[in-house]
Amino acid sequence: MKKLLALVATLTLVFSLAACGGGDDGEFAENPEIVGIESGAGIMAATNTAIEEYGLEMELLTSSGPAMVAALGDAIENEEWIVVTGWSPHYKFAKYDLKYLEDPEGVYGDIENLHTIARSGLRSDDPDLVTFLENFYMSTDELGGLMGDIADSDDDTLAVARAWAADNEDVWSEWMPEGFDGDGATLEVPYVNWAEGVAMTHLVQALLIDEANYSVELTMADAGPIFSGVSDGTKDFFLDAWLPVTHESYEETYGDDYEDLGFNFEGARIGLVVPTYVDIDSIAELNDYVN
Ligand code: PBE
497 MKKLLALVAT LTLVFSLAAC GGGDDGEFAE NPEIVGIESG AGIMAATNTA IEEYGLEMEL
557 LTSSGPAMVA ALGDAIENEE WIVVTGWSPH YKFAKYDLKY LEDPEGVYGD IENLHTIARS
617 GLRSDDPDLV TFLENFYMST DELGGLMGDI ADSDDDTLAV ARAWAADNED VWSEWMPEGF
677 DGDGATLEVP YVNWAEGVAM THLVQALLID EANYSVELTM ADAGPIFSGV SDGTKDFFLD
737 AWLPVTHESY EETYGDDYED LGFNFEGARI GLVVPTYVDI DSIAELNDYV N
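Be aware that the sequence shown starts at 497, since it is given in this note's numbering, and climbs by one per residue.
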């Protein structure tokens, strides 16, 4: 079902891009769009700001992470110019030759970190779980490897995460508190369909089920409902909070009502991304190439 929805989203996107006229000779098609993702993403708000700040004559298309990658793959196959809302860590950089456009106005902020946030009562209810979550940390190579495995496999994501865990016990064994045992408790864990969060969340799900005797209910949702769910205590934790920049507005709204357990990944970044053959370096140059 998920695949079907992704396919429908992709086809919709491909048709709407095709409707733009498809330019391929060193510039954008007529009325080009910036291929975006889900509307609740911080990068969408930042891109609307970029459109204003740079006076871009481009519309921002709402889409999804997977559909954005599909559109990118399609354009690259035909060597067409395309610009997408992009971020790292993300497996698209391993799959394609891509670059960030420079952002002289600093709209997309600086390097930031991914944080784990937990509902306020989790620490007192289950201190070992909070210790595990505080220890949970992935390097660029580790997360890149896991994301790549998921992107390259047709298997169920949990199965791929389990296989990665089996090959990387040295990475996660240090995260486990002594005698860690959830005693069959059920955890409610939300995630957004963003590659890094999908990867981290399924790995944590695999470990909590297989190594610590929890039951873990994953739900895919938009960022807004997730922040609100962790703050009102209906969700237990979220691994993919981008701070201090991308999710700043969520932090402002909800930050007093959840506990920030610190970062689990360092050196994240958002921006506008193009294939390397797109012959410009800066967001400020985009308008020069729009018909
Ligand atoms: N992202 C990936 C998210 C955070 C994780 C950059 C697409 C966002 O823009 O909100």
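Every residue gets a Cβ at the ideal spot worked out from N, C-alpha and C, and that includes glycine.
Within the region 520-601, the complete beta strand (DSSP E) segments of 3 residues or longer fall at 529-531, 555-557, 579-584 and 594-596, listed in chain order.
Short note on His743: C-beta closer than 7 Å to some heavy atom of ligand 1. Asp651 and Val685 have their alpha carbons spaced roughly 21 Å apart.
Under the three-state reduction of DSSP output, Phe628 falls in the helix class. When distances are taken from the beta-carbon of Trp583 to the heavy atoms of ligand 1, the shortest one is below 7 Å. Apart from sequence neighbours up to five positions away, the residues of its chain that approach His743 with a beta-carbon distance below 6 Å are Gly538 and Ala737, ordered along the chain. The continuous stretches of alpha helix (DSSP H) do not include Phe759, which lies in the beta strand (DSSP E) extending over residues Tyr754 to Pro771. At least one heavy atom of ligand 1 sits closer than 7 Å to the Cβ of Asp736.
Here the alpha carbon of Asp753 sits roughly 36 Å from the alpha carbon of Ala662.
If you draw a straight line from the Cα of Gly536 to the Cα of Pro562, it comes to about 15 Å. Of the residues assessed, Tyr773 falls on the exposed side of the cut-off, its CB having fewer than 16 other CB atoms within 10 angstroms.
DSSP lists Glu598 as the bridge partner or partners of Ser778. Not one heavy atom of ligand 1 is found less than 7 Å from the C-beta of Gly532. Apart from the 5 residues on each side of it in sequence, Ala719 sits with its Cβ closer than 8 Å to the Cβ of Glu534, Gly536, Ala537, Gly538, Val688, His743 and Tyr746 in its chain, given in chain order. Selection Glu762, Asn760 and Leu782 evaluated against Val770 yields Leu782 as nearest (Cα-Cα). Counting other Cβ atoms within 10 Å of its Cβ, Ala655 stays below 16 and is therefore classed as exposed. By the neighbour-count criterion, in which 16 or more other beta carbons inside 10 Å mark a residue as buried, Ser727 falls on the buried side. Of the candidates Gly751, Ala541, Glu748 and Thr627, the residue whose Cα lies closest to the Cα of Gly678 is Thr627.
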